[in-house]
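Here this note's numbering runs 1274 ahead of the position in the sequence shown, where the first position is 1.
Glycine included, C-beta positions come from ideal geometry on N, C-alpha and C.
Everything numeric in this text was worked out from a predicted model, so none of it was measured.
Just below is one structure, and these are the notes that go with it.
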Amino acid sequence: MFELSNSILKIKVKPKGAELCEIAAVKNNNEFMWNANPDVWGSYAPNLFPIIGALKNDSYLYDNKTYSLEKHGFVRNNKNIKLLKQTENSLVFSLIYNDDLLKVYPFKFEFIIIYTLIDNVLDIEYCIKNLDNNTIYFSVGGHPAFKCPLYKDENYSDYNLVFETQETSKTYILNLQSGLVTNKTKPIFNTKNSIQLTPNLFNEDALIFKDLKSRKVALVSDLHGEILNVSFKDFSYLGIWAKPNAPYVCIEPWLGIADSENTTQILEEKEGIIKLPENETFTANYSIQIHEHHLG
């Protein structure tokens, strides 16, 4: 387990998948992340690469060949990620292509994730380096799960997700059997800028937004005010998800999305796919800010 701390927050990161697994207040020990109870959902904050969500038939086409990838890609459970560097306030992890990965993803790459802790903010940066002599194609994103409710005197329905600006965005409905995105949408905002969390909100799986104006969303308690916020300036999609009736909520900044039902399965044509030319490096950041009222 790798750790960072300052006078305000402490975080922990698992070696497997370089997965963030704790954000806690130093003074009062408030824990802000879901505990990954395996009977409910056994993850904390998987890193999603080189795909997000499900592929049609768990496969895609590239250069007239078929490749298979599991949902959310191969980083989340990867044991080959190495710690490159640790400083007083940062952890830098790396995964480089190998022969096994080339069988499922035929591109030479380095995937880097950097956790930086400054005061009450944790910054997460994804950095993808193209080590190939061709353009590479990928999606990348985060999947952090936050404890909700935070306090014992609250219920799940006491919480709202409050967006920084008024929204007209609708959620895209997933096919529950395939996990693929349909072309059906439905309104989900309770007010012009907020969504109330309820135990049944995720009965049809994740909320998926393609066209939000906001680049920040706060988790807000009716009883205790804003708990935290997630800023995702570099990410064009956002997922919101939990298992129904589970005491957490995932706020997921994505660059990319699950396959649509009418996909061609051709990787270069996949919605949201990033194209990175040879010798180039791509970076994207999101951050988690814990509100000072909950730090003791």
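Pairing Ile1370 with Leu1343 gives a Cβ-Cβ distance that is not under 7 Å. The alpha helix (DSSP H) runs lying completely inside the stretch 1343-1424 and spanning 4 residues or more are 1373-1378, given in chain order. Under DSSP, Trp1515 forms a beta bridge with Cys1524.
The Cβ atoms of Ala1558 and Trp1515 do not sit closer than 7 Å to each other. The three-state secondary structure of Ser1468, taken from DSSP, is strand.
Residue burial is scored here from C-beta neighbours: Gly1513 has at least 16 other C-beta atoms within 10 angstroms and is therefore classed as buried. Residue environment analysis places His1568 among the buried positions, since at least 16 neighbouring C-beta atoms fall within 10 angstroms of its C-beta. In this chain, Asn1309 is not harboured by any beta strand (DSSP E), its DSSP state being neither H nor E.
In this structure, the beta-carbon distance from Ser1495 to Asp1432 falls below 7 Å. Scanning its chain for C-beta atoms nearer than 8 Å, with the 5 sequence neighbours on each side dropped, one finds around His1498 the residues Leu1424, Tyr1425, Glu1428, His1567 and His1568, in chain order. The continuous beta strand (DSSP E) containing Glu1277 extends over residues Phe1276 to Ser1279. In the structure shown, Ser1534 falls within a strand segment according to DSSP collapsed to helix, strand and coil. In this structure, Lys1421 lies near Tyr1522, with their beta-carbon atoms less than 7 Å apart. Val1455 is the residue among Val1455, Asn1553, Glu1362 and Gly1316 whose C-alpha sits nearest the C-alpha of Leu1329.
In the three-state DSSP reduction, Lys1330 falls in the helix class (H, G or I). With a cutoff of 7 Å on beta-carbon distance, Ile1469 and Tyr1446 are scored as not near each other. Of the residues Thr1361, Ser1368 and Leu1283, the one whose Cα lies closest to the Cα of Lys1290 is Ser1368. For Lys1549, the CB contacts under 7 Å within the same chain, skipping 5 residues up- and downstream, are Thr1409 and Tyr1411 in chain order.
For Thr1442, there is no enclosing beta strand (DSSP E), as DSSP marks it with neither H nor E.
When secondary structure is reduced to three states using DSSP, Gly1291 falls in the helix class. Contact annotation: Phe1437 and Val1504 have beta-carbon atoms that are not nearer than 7 Å.
Val1378 sits away from Tyr1400, with the two beta carbons spaced by 7 Å or more.
Counting only residues of its own chain and dropping the five nearest sequence neighbours on each side, Thr1459 has a CB closer than 6 Å to the CB of Lys1444 and Tyr1446.
Annotation: the continuous beta strand (DSSP E) that includes Gln1563 extends over Thr1555 to Ile1564.
Straight-line measurement puts the Cα of Asp1533 at about 23 Å from the Cα of Thr1442. The beta carbons of Glu1545 and Ile1531 sit about 6 Å from each other, so the pair counts as a contact at 8 Å.
With a cutoff of 7 Å on beta-carbon distance, Lys1487 and Thr1439 are scored as near each other. Here the alpha carbon of Thr1537 sits roughly 24 Å from the alpha carbon of Phe1476. Cβ-Cβ distances below 8 Å link Ser1279 to Ile1285, Val1300 and Leu1391 in the same chain, with the five nearest sequence neighbours on each side left out; the list follows chain order.
For Val1300, no beta strand (DSSP E) run applies, since DSSP gives it neither H nor E.
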